[in-house]
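> What follows is a single structure, and I will ask about it in a moment.
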Amino acid sequence: MDTKPDSSSDNNHYWHPIASSTDLTPRHVFHGQLLGRELAVWRADDGNVNVWENRCLHRGVRLSIGVNDGRELVCQYHGWRYANRTAGCTYIPAHPADSPARTICNNRYPVTEQYGLIWSAESALPATHNSASVPDIDPGFLNGSITAPVADGDLNTATIRALNTEREIDAGRLLVLRPIPVNATIDIVSTVLQSYGYIHPLSNTPVHCAVEARDTYRHTTQVTPLTANDCIASNANPPAELIQLHFIIQPVDSARSVIRGFMSGSSTIEHPTTWLQLHNAALSQLRIVAEQQMQAIIPPAAWEVSITPVSESLAKMPGISNAAATTQRVVVRAITDTAKDIKSVEMAAITGDLATWQPGSHIDVLLANGLTRQYSLTNGPGQTDHYNIGVKLEAESSGGSSFIHHSLKPGDVLTVSPPRNNFSLRRDAVKTLLIAGGIGITPLLSMAKALFHSDLPFELHYFVADNSHVAFKSCLDEFGKAANIVTGLDPTETNSRLQQLLAHYENAHHVYLCGPGPMLDSAKAIAEAHSWPDESVHFEYFKNATEVSQDKPFSVALARTGITLQVPAGETLLSVLRNNAVALPSSCEQGACGTCIVDVIDGTPLHQDVYLSNAEKKRGNCMMTCVSRALSDSLTLDI
Amino acid sequence: MLRVQIASTMAMTETTCKDPVIHNHWHAIAAIEDTGSHVHHTRLLGEDLTYQASTARDTSDSTGDHEFAVSRTAAPDKLLPVHCAYGYIWTCLGTPAQPLFTLPEYAESDRNNVCACSVGVRVSAPRAVENFLDMGHFPYVHTGILGEQPHTEVREYDVEITEDSNEVIATRCRFYQPQAAAGANEGMLVEYVYRVPHPYCSILYKSCPDDESRMDVIALFVQPVDEINIRAHALVSVIDATSAPLAIRMFQQTIFGQDKPILENQLPKKLPLDPRAETPIRADKSAVFYRRWLSRQGISYGVIPAAA
Ligand code: FES
Ligand SMILES: [Fe+2]
Chain R
0 MDTKPDSSSD NNHYWHPIAS STDLTPRHVF HGQLLGRELA VWRADDGNVN
50 VWENRCLHRG VRLSIGVNDG RELVCQYHGW RYANRTAGCT YIPAHPADSP
100 ARTICNNRYP VTEQYGLIWS AESALPATHN SASVPDIDPG FLNGSITAPV
150 ADGDLNTATI RALNTEREID AGRLLVLRPI PVNATIDIVS TVLQSYGYIH
200 PLSNTPVHCA VEARDTYRHT TQVTPLTAND CIASNANPPA ELIQLHFIIQ
250 PVDSARSVIR GFMSGSSTIE HPTTWLQLHN AALSQLRIVA EQQMQAIIPP
300 AAWEVSITPV SESLAKMPGI SNAAATTQRV VVRAITDTAK DIKSVEMAAI
350 TGDLATWQPG SHIDVLLANG LTRQYSLTNG PGQTDHYNIG VKLEAESSGG
400 SSFIHHSLKP GDVLTVSPPR NNFSLRRDAV KTLLIAGGIG ITPLLSMAKA
450 LFHSDLPFEL HYFVADNSHV AFKSCLDEFG KAANIVTGLD PTETNSRLQQ
500 LLAHYENAHH VYLCGPGPML DSAKAIAEAH SWPDESVHFE YFKNATEVSQ
550 DKPFSVALAR TGITLQVPAG ETLLSVLRNN AVALPSSCEQ GACGTCIVDV
600 IDGTPLHQDV YLSNAEKKRG NCMMTCVSRA LSDSLTLDI
Chain S
0 MLRVQIASTM AMTETTCKDP VIHNHWHAIA AIEDTGSHVH HTRLLGEDLT
50 YQASTARDTS DSTGDHEFAV SRTAAPDKLL PVHCAYGYIW TCLGTPAQPL
100 FTLPEYAESD RNNVCACSVG VRVSAPRAVE NFLDMGHFPY VHTGILGEQP
150 HTEVREYDVE ITEDSNEVIA TRCRFYQPQA AAGANEGMLV EYVYRVPHPY
200 CSILYKSCPD DESRMDVIAL FVQPVDEINI RAHALVSVID ATSAPLAIRM
250 FQQTIFGQDK PILENQLPKK LPLDPRAETP IRADKSAVFY RRWLSRQGIS
300 YGVIPAAA
């Protein structure tokens, strides 16, 4: 076979085995190869199996020499981290302050786990791949080989199959053969396999199997059990039970194959070790024959694999991410009371995978009553099959939190934005201080989980009214001494506690603050008084509590677009831009989230946001278009 | 089909260099101090070479230095141009199109010049140069020596291509280094300057712990054995009266030994010049300039040229 088999066929989803399930030992990365393409195959701690291109997007280093930390795969060369399941890049150590662009996502291949084998296919998955939609591994081929029913149509089909397989293996009805690598083409291996036979271990006589080739890759035959009884009187008393023997040839490259296989029976296969040994010996013989036949032909050229180019925007040294917003639909999986007036809401994708997030990310949730609200994700690293948020019932709620508290139920469908991160976590701190007030715990929880999991030093101080207000208690308990819950302090006491916490700044220490406005304001002032540099103090407000004025009209010149617009009193800069078809991403639209930031080339902005630090405001070279205006008569913006 | 396959097999073994720029460049092949008067063998640009200290040779030929004789193994009587510089023997398979770049520090009398090592690596020459320019890998690959977690940030630096000498130069490069100076027990930011004066050579200047006004020099001269195999030659030139050459060698061999397995696991082995082949970040600015600079010179050996 000279041409690569799958490239010319329509059947892009032809499943091939690439590993035994037992090859994917915990925290290990298995180096696989299919149709010439190298694959990095790894199982996360949650059981999910990832099959990725074996190449870091950054500089092409093999990911199979990377580190599987159970939730993320870390590249050896520069420490880029890629998330379980989505393969999205979550952290680039060379630029600790930035969140990686969402489009940095490794190529993934379909995966399913059945019959003690890991299966994959040639075609790379689109970014939003639905693991439930991949076709079955040719059901006809394996008919009757597994006695337990294989559940289908479920969100987690692959997992259920894997469980069934495990049950069969445990019950001894499924025996996975040891893989035999052969330096020969699939055609040669297939031909040789058709004369498969073994030496019966008891009678010491050769047994020839009538191997039926379903196609080049798949071969089936039947064998009889090995009991002594059968052996003596096999002709007189044909055994009631037959065992099926399956071989699947893995096309590694044009001249390299692996024979994989398994035996399955309706009752326990006895003498598994003897079976493994005799197949191993017989296949090793075949291997010699196949490799001899290879000597007679000119070895075909290695199959070429194309490497998908990265997106155009990534090729130009990306900065901070904020890709154009597209929404995704999610289904509410669970709603639980985690504290007084606080609900924890877990959402899963309906189709495909959820967009990748990093600690500190938030999503916009479009509620059925027409409102949009921002909520921080509380997920830990590698938890990529759902989004989790914490929602507090606000007394003066205009309907967002009250809708979630009173009307939302499991099974409901919501529309959410992809995660945005304006509160990214640096992981190059010598020590990280996380200070939360009330529901401000949510982004910090995600950060704490990431730091905790990577063994990075941190302290989490969580200020609440009393114990009944402590949300996500069980997660906090995991952090042990690193988490400190502070209850029942009045504002003065809170201040003096913050004084203590922030009394000493040391080089490469960072503090992250999230909580009610007054608490953040005093924490920021205290940090400044104790000479914490601006770059070491990170904060996220729930909302902008400052009075925003819209009195003064001004004009704005757009340097790149080449137009000048008038912003009248009473209208925001963002809405004027939108009305003139200048698309800018935005999220909270009250000067708190930082999404709508633009660079200012000329003119003096009137900052009315709470996102920029004082130093950044003073520099005046960027502004939030949703609330900020101009002190000068006109502004020139870099858009 | 059969004939096509034979042709392609032949094309694969045909490794001589068709890139005129690389063909007519000087390339380092061995340390002078390692070269005796018996015959040595090496490979350059896919061709077998022999070389030796030329005591017995007739050196009436007019080009180059005459201390060493280098020739293709297949044509022993036709001597190749030879140039001795910076501790190494340089040769050229074609006609040298330009003189070898200058490295004036080498001649400073108070420097300790050490040919530190020559390490074989299964990678293309440009990948090795790019690794040399890269600070981001220090905490991960040279842990505890050139960098250390969590200090992973690559600060903004400047890169330019000089008009006069046609070199890539990166300045204001700063990176956190644990134990930057002997006896220091705290890490500090170390300043680096990188020069790429030759497609396959790079020179690193590093703030000198003993004398603030001067810089230590570490130079990488890559010998392209073929498109995807190299020997990496290192010259260390330091203002350090105390370190013995052996200590300097051990240090440099440790560093190269740490880079080798990473480089050998890079795919593809040739450096892709198409900007969309890989994902550069701001920290890779020098690599971005280097790739563009190779493209502009039309280099095709050891790289995958960008589609026109
Ligand atoms: S090559 Fe993987 S992080 Fe740079
Ligand atoms: Fe290195």
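From first to last, the protein sequence lines stand for chains R and S. Residue numbering for the first sequence follows numbering that gives the first Met the number 0, starting at 0 and increasing by one per position. Residue numbering for the second sequence follows numbering that gives the first Met the number 0, starting at 0 and increasing by one per position. In this text, a Cβ means the ideal position worked out from N, Cα and C, and glycines have one as well.
#1: Would you report the Cα separation of residue 228/R and residue 200/R, rounded to the nearest angstrom?
#2: Compute every distance between the C-beta of residue 257/S and the non-hydrogen atoms of ligand 2, then say whether any falls below 8 Å.
#3: Relative to ligand 1, is the shortest distance from any of its heavy atoms to the C-beta of residue 290/S smaller than 8 Å?
#4: Beta-carbon of residue 135/S versus every beta-carbon of chain R: anything under 9 Å?
#5: Can you give me the Cβ contacts of residue 288/R inside the same chain, cut-off strictly under 8 Å, excluding the 5 residues immediately before and after it?
#6: Could you tell me which chain R residues have their CB closer than 8 Å to the CB of residue 141/S, listed as they occur along the chain?
#7: For residue 586/R, which residues from the same chain have a beta carbon less than 7 Å from its beta carbon, with the 5 sequence-adjacent residues on both sides left out?
#8: Are the segment 107-121 of chain S and the segment 236-252 of chain S touching, with three or more C-beta to C-beta distances below 8 Å?
#9: Ignore the nearest five residues each way along the sequence and tell me which others in residue 282/R's own chain have a CB closer than 7 Å to its CB.
#10: On the three-state DSSP scale, how would you describe residue 370/R?
#11: By the three-class DSSP mapping on this structure, what secondary structure does residue 271/S have?
#12: List the residues of chain R whose Cβ lies closer than 9 Å to the Cβ of residue 150/S, in chain order.
#13: Does the separation of the CB atoms of residue 637/R and residue 597/R fall below 9 Å?
#14: Please list, in chain order, the residues of the segment 276-300 of chain S that have any C-beta partner in chain R closer than 9 Å.
#15: Can you tell me the Cα-Cα spacing of residue 104/R and residue 494/R, whole angstroms?
#16: Might you give, ordered along the chain, the residues of its own chain that have their beta carbon closer than 7 Å to the beta carbon of residue 126/R, omitting 5 neighbours on each side?
#17: Have a look at residue 17/S and residue 44/S and give me their C-alpha separation to the nearest angstrom.
#18: Rounded to the nearest angstrom, what separates residue 128/R and residue 224/R at their Cα positions?
#19: With a threshold of 7 Å on Cβ separation, who are the neighbours of residue 428/R within its own chain once the five nearest residues in sequence on each side are excluded?
#20: At which residues does the alpha helix (DSSP H) containing residue 474/R begin and terminate?
#21: Taking all protein chains shown into account, decide if residue 150/R is buried (16 or more other Cβ within 10 angstroms of its Cβ) or exposed.
#22: Consider the C-beta atom of residue 29/R and the heavy atoms of ligand 2; say whether any pair is separated by less than 8 Å.
#23: Compare the Cα-Cα distances from residue 213/R to each of 183/R, 197/R, 181/R, 247/R and report the closest residue.
#24: Report back the beta-carbon spacing between residue 461/R and residue 502/R to the nearest angstrom; my notes put them in contact at under 8 Å.
#25: Using a Cβ-Cβ cut-off of 6 Å (strictly less than) and excluding sequence neighbours within five positions of residue 157/S, which residues of its own chain qualify?
#26: Tell me whether residue 171/R counts as near ligand 1, meaning its Cβ is closer than 8 Å to at least one heavy atom of that ligand.
#27: Tell whether a beta-carbon distance below 9 Å holds between residue 513/R and residue 375/R.
#28: Where does residue 71/R land, buried or exposed, given buried means 16+ other C-beta within 10 angstroms?
#29: Ends of the beta strand (DSSP E) at residue 194/S?
#30: So what does DSSP say about residue 647/R, is it helix, strand or coil?
#31: Under 6 Å Cβ to Cβ from residue 630/R, same chain only, skipping five residues before and after it: list those, please.
#32: Can you find at least 3 beta carbon pairs, one from the segment 84-104 of chain R and one from the segment 389-409 of chain R, that sit closer than 8 Å?
#33: According to DSSP, simplified to helix, strand and coil, what is residue 59/S?
#34: Is there a C-beta anywhere in chain R that falls below 9 Å from the one on residue 266/S?
#35: List the residues of chain R whose Cβ lies closer than 8 Å to the Cβ of residue 274/S, in chain order.
To lay it out plainly:
#1: Caution applies to residue 228/R, whose pLDDT of 49 falls short of 50 and renders its modelled position unreliable; the model cannot decide the point.
#2: Taking the Cβ of residue 257/S as the reference point, at least one heavy atom of ligand 2 falls within a distance shorter than 8 Å.
#3: no
#4: yes
#5: 191
#6: Those do not exist, as residue 141/S stays about 11 Å from chain R at its closest Cβ, beyond 8 Å.
#7: Hits under 7 Å: 363, 373, 419, 592, 594.
#8: yes
#9: 179, 258
#10: coil
#11: strand
#12: Going along chain R in sequence order, the residues near residue 150/S (Cβ under 9 Å) are 427, 429, 507.
#13: yes
#14: 276, 277, 278, 279, 280, 281, 282, 283, 284, 286, 287
#15: 43 Å
#16: Confidence in residue 126/R is poor, its pLDDT being 41 and thus under 50, which makes the residue's placement too unreliable to answer from.
#17: 9 Å
#18: Low confidence applies here, because residue 128/R scores a pLDDT of 38, under 50, leaving its location unreliable; read the following figure in that light. If I take the Cα positions, the gap works out to 43 Å.
#19: 507, 508, 509
#20: 472-477
#21: Note that residue 150/R scores 32 on pLDDT, short of 50, meaning its location in the model is unreliable; the coordinates nonetheless yield the value given after this. By the 10 Å Cβ count, residue 150/R comes out exposed.
#22: no
#23: 247/R
#24: Actually they are not in contact, since the Cβ atoms of residue 461/R and residue 502/R sit about 19 Å apart, beyond 8 Å.
#25: 170, 171
#26: no
#27: yes
#28: buried
#29: 187-197
#30: This structure cannot settle anything about residue 647/R, because the visible part of chain R is limited to 0 through 638.
#31: 603, 605
#32: no
#33: Low local confidence applies: a pLDDT of 47 at residue 59/S is under 50, so the model's placement there is unreliable, with the coordinate-based value given in what follows. Coil, per DSSP.
#34: yes
#35: 314, 315
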